[in-house]
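Visitor: One structure follows; several queries about it will come next.
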Amino acid sequence: MSSALASTNAKSTHALPSYLNAVDLGPWGIYLQQVERVTPYLGSLSRWVETLKRPKRSLVVDVPIELDNGTMAHFEGYRVQHNTSRGPGKGGVRFHQDVTLSEVMALSAWMSVKNAAVNLPFGGAKGGIRVDPKTLSRGELERLTRRYTSEIGIIIGPTKDIPAPDVNTNEQIMAWMMDTYSMNEGATVSGVVTGKPIALGGSLGRREATGRGVFTVGQEAAQHIGLDITKARIAVQGFGNVGGIAAKLFALVGATVIAVQDHSGTVYKSSGLDVYTLLKHVNEHGSVKGFAPAQTLPDSQFWGVDCDILIPAALEQQITAANANQIKARMVIEGANGPTTPEADDILHERGILVVPDVIANAGGVTVSYFEWVQDFSSFFWSEDEINARLVRIMREAFAAIWQVADEHRVSLRTATFIVACSRILQARELRGLYP
Ligand code: NAD
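The sequence shown begins at 9 in my numbering and counts up by one.
Here you go:
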């Protein structure tokens with residue numbers, strides 16, 4: 009157990025819940041350290057901080073399905089509602105063989121922080137099934153999704169907790185979840201999940217929302233550090249939904265995307281990659297590999313590329329103590345969730361490299377999920393221009409509030425985001441009081 013975690017336990021008014029194995033807290037342990045770091049800035053609200061250190065509700069379910077060969081298989085499913093002081097739980101569902109309760113708890117807590125940071129009227133939640141979906145047929149995947157939805161149906165709902173897509177889940181899975189919940193309710197309840205197909209009440213602009221949010225906070229941060237975005241040189245890891253869209257938006261305003269890394273390798277061109285042609289290449293070939301107009305770089309050299317803005321938009325724990333010293337960028341915008349380890353975060357901070365943290369940088373996706381939920385409730389759908397304009401306004405306001413706190417307390421943007429978000433959550437907690 010880390011010393012920060014030990015001190016968390018020692019200072020707690022109450023012991024951790026018994027189902028939390030103190031020696032194997034994993035991502036939840038990292039989250040607890042982050043809460044510990046902001047506690048001194050919470051003033052009188054810190055008397056409520058204990059509520060952030062334990063999820064409100066954790067449901068572990070058995071998900072049995074019949075496989076195509078007639079045998080039964082059992083999978084472990086989770087839905088954790090970390091905090092609902094500011095509104096219903098909100099957060100994705102992940103299908104992955106390595107999903108654990110600790111991971112789902114941490115992801116649900118980070119959703120509480122993200123939703124409060126952009127001031128959405130949501131708490132934080134997350135779900136998952138410990139399964140490798142690539143090993144299942146389409147029919148098995150549908151049965152798994154439907155049984156899981158039925159099992160967690162006792163705690164989700166459009167005013168209680170609204171799931172969305174995450175790793176290995178998509179629009180089709182959201183359609184099955186919406187249909188299963190609706191069948192059990194006896195009425196179509198489109199607002200029970202977001203990230204649905206447009207034909208079922210999904211929102212225009214949802215697909216591009218996270219990349220657009222990354223671009224918007226990048227523009228704002230650049231202004232603060234005196235970086236001319238139209239002349240900026242950019243390196244992007246991950247060229248999928250988040251990285252591809254963000255790169256396109258930066259290129260549109262004249263920035264030069266010089267390096268892109270994906271699972272297949274790294275392409276580089278010092279005078280600038282043609283982002284549109286590269287997107288077309290990835291569409292046709294599935295990766296950046298073989299993109300002829302560019303030079304191929306060894307993957308390890310990606311982090312040391314001479315650029316102004318570095319956008320990790322692929323996986324967790326990519327910027328580590330091993331490569332943080334190579335980074336030449338003036339700022340890092342975290343499109344991915346958790347791409348920077350706590351040690352690397354400290355190194356970048358000491359080196360004066362601005363890190364725009366995931367809990368604000370990639371909040372564009374959940375913001376448009378919020379718009380989807382609002383549109384479903386009112387059964388009135390907005391134009392894409394309206395959606396994009398509202399998204400940009402929310403992201404700009406959130407960033408400005410966080411920047412001000414960072415400036416005032418001389419802390420990193422990550423700590424500032426936690427201060428803003430945790431204060432909002434605990435203020436709601438205090439105003440509501442304890443029942444009974
Ligand atoms: P995606 O599947 O569309 O794209 C992922 C990209 O990462 C692909 O280009 C892939 O080739 C690349 N990649 C995979 N393994 C890699 C490796 N080992 N090295 C380098 N690149 C690798 O996924 P996405 O939706 O763009 O999500 C990316 C990240 O953003 C994830 O951390 C996700 O949790 C986070 N995120 C996504 C959204 C969203 O709305 N899509 C919202 C918030 C956060």
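C-beta atoms are modelled at their ideal positions from N, C-alpha and C, and glycine is treated no differently.
Answer yes or no: the CB of Gln89 versus the heavy atoms of the ligand NAD, is any distance below 8 Å?
Guide: no
Visitor: Can you find a heavy atom of the ligand NAD that lies under 8 Å from the Cβ of Gln412?
Guide: no
Visitor: Measuring from the CB of Gly136, is there a heavy atom of the ligand NAD at a distance below 8 Å?
Guide: No, since every heavy atom of the ligand NAD falls outside the 8 Å radius drawn around the Cβ of Gly136.
Visitor: Helix or strand or just coil, what does DSSP make of Ile253?
Guide: helix
Visitor: Kindly indicate which residue of Lys239, Ala424 and Ala329 has the alpha-carbon position closest to the one of Asp366.
Guide: Ala424
Visitor: Do Ala243 and Cys315 have their beta-carbon atoms positioned less than 9 Å apart in this structure?
Guide: yes
Visitor: Have a look at Val31 and Asp353 and give me their C-alpha separation to the nearest angstrom.
Guide: Because Val31 carries a pLDDT of 44, less than 50, the predicted location of this residue cannot be relied on, and the following value inherits that uncertainty. When rounded, the distance between both Cα atoms is 24 Å.
Visitor: To which residues of the same chain is Gln457 closer than 6 Å at the C-beta, ignoring the five residues directly before and after it?
Guide: It is not possible to answer for residue 457, since the shown part of the chain is limited to 9 through 444.
Visitor: Using 8 Å for Cβ pairs, my map puts Ala254 next to Gly219. What's the rounded Cβ distance?
Guide: Their Cβ separation, rounded to whole angstroms, is 4 Å, which keeps Ala254 and Gly219 in contact under 8 Å.
Visitor: Is the closest heavy atom of the ligand NAD to the C-beta of Gln269 under 8 Å?
Guide: yes
Visitor: Spell out a yes or no on whether the region 392-406 and the region 335-351 are touching, meaning 3 or more CB-CB pairs, one atom from each, closer than 8 Å.
Guide: At 8 Å Cβ cutoff, the stretches do not touch.
Visitor: Under 6 Å Cβ to Cβ from Arg214, same chain only, skipping five residues before and after it: list those, please.
Guide: Val376
Visitor: Starting from the C-beta of Ser278, find all residues in its chain whose C-beta is less than 7 Å away, skip the five residues before and the five after it, and write them out in chain order.
Guide: Ile266
Visitor: Is Glu324 near the ligand NAD, going by C-beta to nearest heavy atom under 8 Å?
Guide: For the ligand NAD, at least one heavy atom lies less than 8 Å from the Cβ of Glu324.
Visitor: According to DSSP, is Leu439 helix, strand or coil?
Guide: Helix.
Visitor: Which residue marks the beginning of the beta strand (DSSP E) containing His104, and which one marks its end?
Guide: Gly97 to His104 is the extent of the beta strand (DSSP E) around His104.
Visitor: Helix, strand or coil, according to DSSP, for Asp353 in the structure here?
Guide: helix
Visitor: Following a CB-centred definition, is Pro306 positioned closer than 8 Å to any heavy atom of the ligand NAD?
Guide: no
Visitor: Kindly indicate which three-state DSSP category Asn127 falls into: helix, strand or coil?
Guide: coil
Visitor: Would you check whether the ligand NAD has a heavy atom nearer than 8 Å to the C-beta of Asn345?
Guide: If you check the C-beta of Asn345 against the ligand NAD, you find a heavy atom less than 8 Å away.
Visitor: In the DSSP assignment, find the beta strand (DSSP E) that holds Val364 and state where it starts and stops.
Guide: Leu362 to Val364 is the extent of the beta strand (DSSP E) around Val364.
Visitor: Go ahead and label Leu439 buried or exposed: buried means 16 or more other beta carbons lie within 10 angstroms of its beta carbon, across all protein chains shown.
Guide: exposed
Visitor: Between which residues of its own chain and Glu150 is the CB-CB distance below 8 Å, once the five residues before and five after are set aside?
Guide: Trp184
Visitor: Please determine, among Ile164, Gly85 and Phe103, the residue with the shortest C-alpha to C-alpha distance to Thr92.
Guide: Ile164
Visitor: Please determine, among Gln412, Leu434, Arg401 and Ser386, the residue with the shortest C-alpha to C-alpha distance to Ala371.
Guide: Arg401
Visitor: With a threshold of 6 Å on Cβ separation, who are the neighbours of Ala114 within its own chain once the five nearest residues in sequence on each side are excluded?
Guide: Pro35, Trp36 and Tyr39
Visitor: I'd like to know if the region 55-67 and the region 83-103 are in contact, where contact means that at least 3 CB-CB pairs between them fall below 8 Å.
Guide: Look at the beta carbons and you see the region 55-67 touching the region 83-103: at least three pairs across the two are nearer than 8 Å.
Visitor: Between Leu323, Val428 and Ala429, which lies nearest to Asp174 when the distance is taken from Cα to Cα?
Guide: Leu323
Visitor: Tell me, please, whether the region 382-391 touches the region 230-237 by the rule of three or more beta-carbon pairs shorter than 8 Å.
Guide: no
Visitor: Tell me which residue opens and which closes the alpha helix (DSSP H) that Leu399 is part of.
Guide: Boundaries of the alpha helix (DSSP H) around Leu399: Glu392 to His417.
Visitor: Are Glu380 and Gly132 closer than 9 Å when you measure CB to CB?
Guide: no
Visitor: If the criterion is Cβ atoms closer than 9 Å, does the pair Ala369 and Val225 meet it?
Guide: yes
Visitor: Looking at Thr188 and the ligand NAD, is the gap between the Cβ and the nearest heavy atom below 8 Å?
Guide: For Thr188, the shortest separation between its Cβ and any heavy atom of the ligand NAD does not lie below 8 Å.
Visitor: May I ask you to list the residues that DSSP assigns as paired with Arg65?
Guide: Gln89
Visitor: Can you grab the Cα-Cα spacing for the pair Asn127 / Glu405, in whole Å?
Guide: Cα to Cα, the separation comes out at about 9 Å.
Visitor: Where Tyr443 and Cys430 are concerned, what is the direct C-alpha to C-alpha distance, given to the nearest angstrom?
Guide: 20 Å
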